[in-house]
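S.K.:
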Amino acid sequence: AVVQFQKQGKDMEKVKQRLAEIANYVDKFYRALNIRVALVGLEVWSDMDKCPITQDPFNTLHEFLDWRKVKLLPQKPHDNAQLISGVYFQGTTIGMAPIMSMCTAEQSGGIVMDHSDNPLGAAVTLAHELGHNFGMNHDTPERGCGCRVTVDRGGCIMTPSTGYPFPTVFSSCSKKDLTASFEKGVGMCLFNMPEVKVLYGGQKCGNGYVEEGEECDCGELEVGECVNPCCNATTCTLKGDAVCAHGQCCQDCQLAGTPCRESSNSCDLPEFCTGTSPHCPSNVYLHDGHACHNVGGYCYNGICQTHEQQCITLWGQGAKPAPGICFQRVNSAGDPYGNCGKDSKGSFAKCEARDAKCGKIQCQGGANRPIIGTNAVSIETNIPLQEGGRILCRGTHVYLGDDMPDPGLVLTGTKCGDGMVRAEVCDKINSASIDKSVQCSAKCNGRGVCNNNKNCHCEAHWAPPFCGKAGFGGSVESGPVRLAGGSTLGSRHVIGPGHGMCEHFNIVSIYQCLGNCVGRESQPCGPPHRNHTVSSLTDSSGSAFHLSAVSSSGARADAPTSPLPFPQPAQTAPVPSGSPQPPRPTVSYTVPLPWPRPAQTPSASTSRPRCSQGVVVISRSNTP
């Protein structure tokens, strides 16, 4: 952003170098989690900000995410965008991001304050915010997190506040949260390789990306990165009789023809090695609107969210959603304990009657108090009934830090009525009606289901694209199903987005598979980061860099440039015993991403992490 540009003496190259260094640090942090973060774009706002950036972090985040969705995504494919700003936010907040929002068009991003002369400071904050994107919560004392670095030496990255020295490692809680997020289907966009031609930093043997003229790339030999027996790290060529060196479909340097990625949840679809490529096909999942959880929910961005599961998460086993009257009465108040989130001004919004089940979650049963932390407060409301008696409604008010949204709100994508799912409070996209004349069940001949690319995913023994002929099953994207048998993929229902906080879905029989996107001519079909023309960011009036997360279960992709060594911070005079200690600013972050599934992590010798399209980081440079 403009302030960031001014802070660096209006030196464009200096700004870009600093942002690239920050990206390299973040990549280094996440390598320990078998995740790679690749810089695929960098934009510097030198003249004016492209979205309002103020000292109010909530409003700045809202405006930035809205700009990303409307302007940046159609221009530059990426998985996540982060704004790096020189503006000092109000209070102790130095970053903010939505939780479990990786890969979503609406919320896959965050804001970061460049609060230190040392780029490591902003890198730690950005890594913290990405952690929220991945679904990581704060390392609070009651969680009993294991951290291999003591607090006086920095502690772990997801601690609620940060100070000096800066943390550089993740805790056991962060790893557990990450695994849980992947199992829920978070980060479905991360299983595709980014276009190597758009990586920031240029081509280089040893950066982990197989680029033009290379047969393989296993990283730098000098720093001990390359342990691949199939690849010559010096020349980036295959050794001996090897025909491949990377990918889940590469075994013992030869191509394989086996399943390479199982379904992670009820809304995911499996992928299979084709026998012709070392890489597992791009990840696909059920089209939005398929019924899931025994028709208790709808698949949305590859995840099945339900009120029931959220109540169990907040209150433990035995908890269940409260009757509808609880949602209506409590969420019509528009206060901290009953609302439909916050508006663009940061005020609590009242829920309209049709949106009641999109506000604060209301439950019954379970534990005596919320199980998500000691700072979670139980909000109980007794509602008298006309026929006598009362209904107890149990909500929660949770403060998890300035950088995290209220976990007591109903999660995005949760079914909130027939043909209805919760959309974001700030969602401004008009509904796109499903073409009722096109039925997916007919297109797939009753032997398959639609995936997120609107193609048929056929049952075993039937061939794509329309499941009308004998074959191995699967889809044009997933590769053939090579197992002798397979579970039948039942025909469900498809839903199309609608108006309001609860997006309405017109329910029709499945058949939208190869149809057009109706009502959204200006928007490309499918996830916003797919099927877009790649165009470089040439406007020099802003500062943003695009990062790309990578899974260890796919083709490896190192950072665009070799990770820089951690700089040794300048020595400062020690604080005398008994003197006030320097304040530790509170870190504000939040947002999610999915990663390698444990059961599918290949050996380090034959597989490398898989890349997705990218995370975007925007650096701002105006004065507050």
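Using the UniProt record's numbering, the first residue of the sequence shown is number 1, and each one after it goes up by one. Every residue, glycine too, gets a C-beta built ideally from N, C-alpha and C.
1) Among residues of its own chain, excluding the 5 on either side of Q55, which ones have a beta-carbon nearer than 7 Å to its beta-carbon?
2) For P52, which of L314, L65, L42, E477 has the nearest alpha-carbon?
3) Measure the alpha-carbon distance for V398 versus N80 and round it to whole angstroms.
4) Who are G109's beta bridge partners in DSSP?
5) For N368, count the other beta carbons within 10 Å of its own beta carbon; 16 or more makes it buried, fewer makes it exposed. Which is it?
6) Give the secondary structure of V70 by DSSP, where H, G and I count as helix, E and B as strand, and everything else as coil.
7) Fully enclosed by the region 330-402, which beta strand (DSSP E) runs are 3 residues long or longer?
8) Specify the secondary structure class of N133 as computed by DSSP and reduced to three states.
9) Kindly indicate which residue of C292, C250, C393, S378 has the alpha-carbon position closest to the one of V421.
10) Could you tell me how far apart the beta carbons of C363 and C311 are, in whole angstroms, since I believe they sit closer than 8 Å?
11) According to DSSP, simplified to helix, strand and coil, what is T54?
12) Between which two residues does the alpha helix (DSSP H) holding A20 run?
13) Considering only residues of the same chain and omitting the five flanking positions on each side of C326, which have a CB-CB separation below 6 Å?
14) Could you pull out every residue in the same chain whose Cβ sits closer than 6 Å to the Cβ of R329, ignoring the five residues on either side in sequence?
15) Should the region 150-167 be called in touch with the region 99-110, which here means at least 3 C-beta pairs below 8 Å?
16) Expressed to the nearest angstrom, what Euclidean distance is found between the alpha-carbon atoms of C253 and E195?
17) Taking the alpha carbon of V476 as the reference point, which residue from C173, N375, S282, S101 has its own alpha carbon closest?
18) Can you check the region 261-343 for any alpha helix (DSSP H) of at least 4 residues that lies completely inside it and give the ranges in chain order?
19) Would you report the Cα separation of S171 and C218, rounded to the nearest angstrom?
20) Indicate the three-state DSSP secondary structure (helix, strand or coil) for K469 in the structure shown.
21) Taking three-plus beta-carbon pairs below 8 Å as touching, is the region 210-230 in contact with the region 257-272?
22) Output the boundary residues of the beta strand (DSSP E) element that contains C416.
23) By DSSP, does N452 sit in helix, in strand, or in coil?
24) Classify S552 as helix, strand or coil using the three-state DSSP reduction.
25) Would you check if the distance between the CB atom of V124 and the CB atom of Y30 is smaller than 9 Å?
26) Are the region 372-381 and the region 134-150 touching, with three or more C-beta to C-beta distances below 8 Å?
M.R.: The short version:
1) Mapped onto the sequence shown, residue 55 falls at position 55. Excluding positions up to five away in sequence, the list reads V87, Y88, F89, Q90, P624.
2) The residue labelled residue 52 in the question sits at position 52 within the sequence shown. Minimum Cα distance to P52 is reached at L65.
3) Mapped onto the sequence shown, residue 398 falls at position 398. Mapped onto the sequence shown, residue 80 falls at position 80. Near 26 Å, if we compare the C-alpha coordinates of N80 and V398.
4) Here residue 109 refers to the residue found at position 109 when the sequence shown is read from its first residue. The partner list for G109 (beta bridge, DSSP) reads A81.
5) Start at 1 with the first residue of the sequence shown, and residue 368 comes out as number 368. When all chains shown are included, N368 counts as exposed.
6) Reading the sequence shown from its first residue, position 70 is the one you call residue 70. It is helical.
7) 376-384, 390-398
8) Reading the sequence shown from its first residue, position 133 is the one you call residue 133. Reduced to three states, the DSSP call for N133 is helix.
9) Locating residue 421 in the sequence shown gives position 421, where the first residue counts as 1. Closest option to V421, Cα to Cα, is C292.
10) Within the sequence shown, residue 363 is the residue found at index 363, counting from 1. Within the sequence shown, residue 311 is the residue found at index 311, counting from 1. Yes, they are in contact, since the Cβ atoms of C363 and C311 sit about 4 Å apart, within 8 Å.
11) To locate residue 54, count along the sequence shown from 1; it is residue 54. Coil.
12) Along the sequence shown, read from residue 1 onward, the residue named residue 20 stands at position 20. Counting along the chain, the alpha helix (DSSP H) containing A20 begins and ends at 12-31.
13) Translated into positions along the sequence shown, residue 326 becomes position 326. Hits under 6 Å: Q362, C393.
14) As a first step, residue 329 is located in the sequence shown; it is residue number 329 there, counting from the start. So the list reads I383, once near-sequence residues are dropped.
15) no
16) On the sequence shown, position 253 is the one that residue 253 refers to. On the sequence shown, position 195 is the one that residue 195 refers to. Roughly 24 Å separates the two Cα atoms.
17) Sequence index remark: in the sequence shown, residue 476 carries index 476 (1-based). Looking at the Cα atoms, S282 is the closest of the given residues.
18) 307-315, 324-331
19) As a position in the sequence shown, residue 171 is number 171, starting the count at 1. As a position in the sequence shown, residue 218 is number 218, starting the count at 1. Straight-line Cα distance between these residues: approximately 27 Å.
20) As a working mapping, residue 469 is identified with position 469 in the sequence shown. In the structure shown, K469 sits in a strand (DSSP, three-state: E or B).
21) no
22) Within the sequence shown, numbered from 1, the residue matching residue 416 stands at position 416. C416 -> beta strand (DSSP E) spans 415-417.
23) On the sequence shown, position 452 is the one that residue 452 refers to. Coil at N452, not helix or strand.
24) For the purposes of this step, residue 552 is taken as the residue at position 552 of the sequence shown. For S552, the predicted structure reports a pLDDT of 36, less than 50, and the residue's modelled location is therefore unreliable. A value from the coordinates is still provided. Residue state, collapsed to three classes: coil.
25) Counting from 1 along the sequence shown, the entry for residue 124 is found at position 124. Counting from 1 along the sequence shown, the entry for residue 30 is found at position 30. Their beta carbons are not under 9 Å apart, which means V124 does not touch Y30 by this criterion.
26) yes
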